[in-house]
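Colleague: In this note's numbering, the protein residues as written are 285 to 373. Glycine is no exception: its CB is placed at the ideal position from the N, C-alpha and C atoms. This one's a predicted model, so the numbers in the text were calculated from it and none came from an experiment. One structure follows; several queries about it will come next.
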Amino acid sequence: MSKISTSKKKSNTVNQMKRRAYTQKGQSKTGFIDGTKSEISRIEWPSKDVVMRAFILILVILFLSVLFIAGLDAIFTKLFFNLKQTLGQ
């Protein structure tokens, strides 16, 4: 019996908390906004130098990837073209 009454007490407490959250909508919205502002102010934003270095690194990697894929495309195109001529089709 004690387990049942304990679980009922817990569920009643949870239900009361839910009701409070729904009844205090104005407070919860302002609390959410204040909490969000607080969290954003705690973020350690990267410096402009770090962002620029990362951006340049990304561009270099992108350029090298494009060259690599274009090279593979050229090799396979030539390979299949020569294979097609060899087979006579």
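Consult DSSP for G315 and reduce its assignment to one of helix, strand or coil.
Modeller: DSSP places G315 in helix when its eight states are reduced to three.
Colleague: Go ahead and pull the three-state DSSP assignment for G372.
Modeller: It is coil, neither helix nor strand.
Colleague: Please report how far the alpha carbon of G355 lies from the alpha carbon of S349, in whole angstroms.
Modeller: Cα-Cα distance, rounded: 10 Å.
Colleague: Measure the alpha-carbon distance for T307 versus V334 and round it to whole angstroms.
Modeller: Summary for T307: the model assigns pLDDT 46, below 50, so the residue's position carries little reliability; its value from the coordinates is reported in the next sentence. Roughly 46 Å between the two C-alpha positions.
Colleague: Could you give the distance in angstroms between the alpha-carbon of L346 and the alpha-carbon of L371?
Modeller: Near 37 Å, if we compare the C-alpha coordinates of L371 and L346.
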